[in-house]
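Please read the structure below before turning to the comments.
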Amino acid sequence: MSEEEIFQLEKRAFFSKTWLFVCHQSRFGKPGDYHAFDVAGISFFVVLGRDMKLRGFHNVCRHRAYTVVRKSCGTSTRFSCKYHGWQYDDKGGLVKAPKFDESPGFVRDENGLFEVKLIETREGLVFVNFDASTMKLPFNNVKSHVDLGNCSWVDGMEVTCRTNWKTVANEFSNQAQWSQSPFGWFSALRKSKIVRLLGPLSSIKELDDDLWCTMVLLPRSSSEVIVRCDLYAKEGQVAPAKTLEKRKWMLEQELMAVTKSGAEEKSLTGQRYFAYQCGGRTIDLFAILAQHQRSEKMAKRKLQPAIRLTGTADIDTEAEALCDALEGAADAPSLEMCSRMSSFPHTVEW
Ligand code: FES
1 MSEEEIFQLE KRAFFSKTWL FVCHQSRFGK PGDYHAFDVA GISFFVVLGR
51 DMKLRGFHNV CRHRAYTVVR KSCGTSTRFS CKYHGWQYDD KGGLVKAPKF
101 DESPGFVRDE NGLFEVKLIE TREGLVFVNF DASTMKLPFN NVKSHVDLGN
151 CSWVDGMEVT CRTNWKTVAN EFSNQAQWSQ SPFGWFSALR KSKIVRLLGP
201 LSSIKELDDD LWCTMVLLPR SSSEVIVRCD LYAKEGQVAP AKTLEKRKWM
251 LEQELMAVTK SGAEEKSLTG QRYFAYQCGG RTIDLFAILA QHQRSEKMAK
301 RKLQPAIRLT GTADIDTEAE ALCDALEGAA DAPSLEMCSR MSSFPHTVEW
């Protein structure tokens with residue numbers, strides 16, 4: 001398999017059905033606060049509803065799959081798709097569908113945004129899972145071992161690393177192991193007090209008593225990954241500007257070093273092994289991919305756990321015909337195309 005084929009298999013077998021940490025709940029201060037993300041082309045956003053509940057939604061319009069939320073973050077309790085004006089509320093419900101509202105047989109309640117499974121832990125860590133099955137998915141609670149009470153977001157940055165996501169994930173895993181070893185604890189070179197994995201794509205570090213950061217990987221392709229770094233501080237105890245600047249500089253250096261080592265590794269080998277600890281168990285990515293491949297062979301088709309089925313092929317065809325009739329357009333973008341359009345501009349500035 002080519003690197004890209006492996007990446008697509010990872011998307012189906014792993015990213016689509018694994019609990020992934022995205023951010024801390026303190027990033028959502030008031031109703032309507034939202035943040036949008038993209039993991040391996042799966043575009044989604046998390047919003048704090050007026051009922052103060054966090055919900056996640058696929059960032060894909062139910063009309064013709066255009067991107068609904070186009071900014072990386074903001075505040076709104078209504079989300080309008082710019083293409084034909086369908087509008088959704090903070091619970092994902094469709095509230096406006098021009099032309100369709102009067103169409104016989106059109107059920108507004110059945111055309112809300114597709115919800116993404118979301119769990120917020122007691123520590124305020126927010127995890128999502130794209131698995132579309134109706135089954136309750138097991139969640140191994142992850143303990144950060146960092147005091148996250150009464151904290152607030154201080155600053156953040158995103159860095160594009162031209163390497164495979166597993167290179168950076170391996171680095172997170174190594175840092176977490178090192179931090180828990182006696183050598184890590186006594187090392188004079190130790191830069192972070194505690195480092196813990198929050199799943200396969202993220203880690204949390206305690207930098208100082210009142211300052212900590214999360215690193216989240218957002219894989220873009222087999223050879224590119226965005227690293228999202230967020231700094232949080234205890235409320236009312238924001239670190240002095242000088243300390244903050246120093247910490248940010250150190251994190252930038254660390255990310256640059258990872259990127260560099262990733263580029264070097266890429267020139268050596270195309271195969272990368274990746275395993276990580278979760279809930280006291282070792283999760284082996286290679287075994288998960290092999291198992292999924294076996295299932296696909298038996299099913300004689302690609303199995304895509306994140307894909308939502310809206311009904312039978314006939315019903316979908318009828319819906320598509322209705323769209324064409326109402327819009328008089330047959331050149332709307334495909335779902336695949338739209339999910340690629342979803343890329344909001346990634347900042348590299350703090
Ligand atoms: S209103 Fe969203 S694609 Fe038409």
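The numbers in the sequence shown follow UniProt numbering, run straight up by one, and end at 350.
Heads up, the beta-carbon is just placed ideally off N, CA and C, and yes, glycines get one too.
Nearest-angstrom Cα separation, counted from residue j out to residue i
| i | j | result |
| --- | --- | --- |
| His346 | Ala40 | Only weak support exists for where His346 lies, its pLDDT of 33 falling under 50; the coordinates are left without a value. |
| Val47 | Pro138 | 23 Å |
| Cys161 | Lys246 | 22 Å |
| Glu5 | Thr282 | 25 Å |
| Gly85 | Ile307 | 24 Å |
| Leu211 | Ile194 | 11 Å |
| Glu296 | Glu10 | 13 Å |
| Tyr34 | Phe45 | 7 Å |
| Arg301 | Leu289 | 15 Å |
| Thr18 | Phe130 | 8 Å |
| Phe7 | Ala299 | 20 Å |
| Ala287 | Ser103 | 49 Å |
| Arg78 | Asp89 | 5 Å |
| Cys73 | Gln87 | 18 Å |
| His292 | Glu3 | 17 Å |
| Lys242 | Ser26 | 23 Å |
| Thr163 | Ser222 | 8 Å |
| Asp284 | Val142 | 18 Å |
| Asp38 | Val227 | 12 Å |
| Ser76 | Gly199 | 29 Å |
| Asp101 | Asn59 | 22 Å |
| Asp314 | Ile42 | With a pLDDT of 44 at Asp314, under the threshold of 50, the modelled position of this residue cannot be trusted, and the question is left open. |
| Gly280 | Ser144 | 14 Å |
| Pro240 | Val95 | 46 Å |
| Cys61 | Tyr83 | 9 Å |
| Gly236 | Gln177 | 32 Å |
| Asn111 | Lys260 | 46 Å |
| Pro305 | Met52 | 29 Å |
Beta-carbon proximity check, residue i vs residue j, cutoff 7 Å
| i | j | result |
| --- | --- | --- |
| Cys23 | Val159 | no |
| Cys36 | Val69 | Per the sequence shown, residue 36 should be read as Ala rather than Cys. The answer is yes: Cβ separation under 7 Å. |
| Phe172 | Ser203 | yes |
| Gly56 | Val128 | yes |
| Glu115 | Leu54 | no |
| Val225 | Val154 | no |
| Leu217 | Leu197 | no |
| Arg12 | Pro31 | no |
| Leu251 | Cys229 | yes |
Member of the options whose CA lies at the smallest distance from the CA of residue i
| i | options | result |
| --- | --- | --- |
| Leu113 | Gly93, Arg308, Lys297 | Gly93 |
| Phe106 | His63, Glu235, Phe28 | His63 |
| Leu303 | Phe15, Gly149, Gly49, Met157 | Phe15 |
| residue 362 | His145, Lys234, Glu206 | Residue 362 lies beyond the range of the chain shown here (1 to 350); nothing can be said about it. |
| Asn140 | Leu231, Thr214, Gln277, Asp209 | Gln277 |
| Lys91 | Asp109, Lys99, Pro104, Lys82 | Asp109 |
| Asp209 | Leu231, His58, Ile226 | Leu231 |
| residue 402 | Gln177, Leu207, Gly156, Pro200 | Limits of the chain in this structure are 1 at one end and 350 at the other, which puts residue 402 out of reach. |
| Ala275 | Met52, Trp165, Val60 | Trp165 |
| Met157 | Asp284, Pro219, Thr214 | Thr214 |
| Lys205 | Arg220, Glu254, Thr67, Phe100 | Glu254 |
| Ala65 | Cys81, Thr75, Ser144 | Cys81 |
| Lys136 | Lys143, Ser144, Leu118 | Leu118 |
| Asn170 | Pro305, Val258, Lys99 | Val258 |
CB contact check: residue i to chain D, cutoff 7 Å
| i | result |
| --- | --- |
| Arg27 | Considering every chain present, this structure includes no chain D. It has just one protein chain. |
Which of helix, strand or coil DSSP assigns to residue i
| i | result |
| --- | --- |
| Phe57 | strand |
| Asp109 | helix |
| Met157 | strand |
| Val168 | helix |
| Ile288 | helix |
| Glu102 | coil |
| Met298 | helix |
| Trp212 | strand |
| Glu252 | helix |
| Thr121 | coil |
| Asn129 | strand |
| Arg27 | helix |
| Arg281 | strand |
| Gln293 | helix |
| Glu235 | coil |
With 16 other Cβ atoms within 10 Å as the buried cut-off, status of residue i
| i | result |
| --- | --- |
| Gln175 | buried |
| Trp249 | exposed |
| Glu123 | buried |
| Gly149 | exposed |
| Met256 | exposed |
| Lys71 | exposed |
| Leu20 | buried |
| Arg294 | exposed |
| Pro219 | buried |
| Thr67 | buried |
Residue i: CB within 6 Å of a non-hydrogen atom of the ligand ADP
| i | result |
| --- | --- |
| Arg64 | Among the ligands in the structure shown, the ligand ADP does not appear; only the ligand FES can be found there. |
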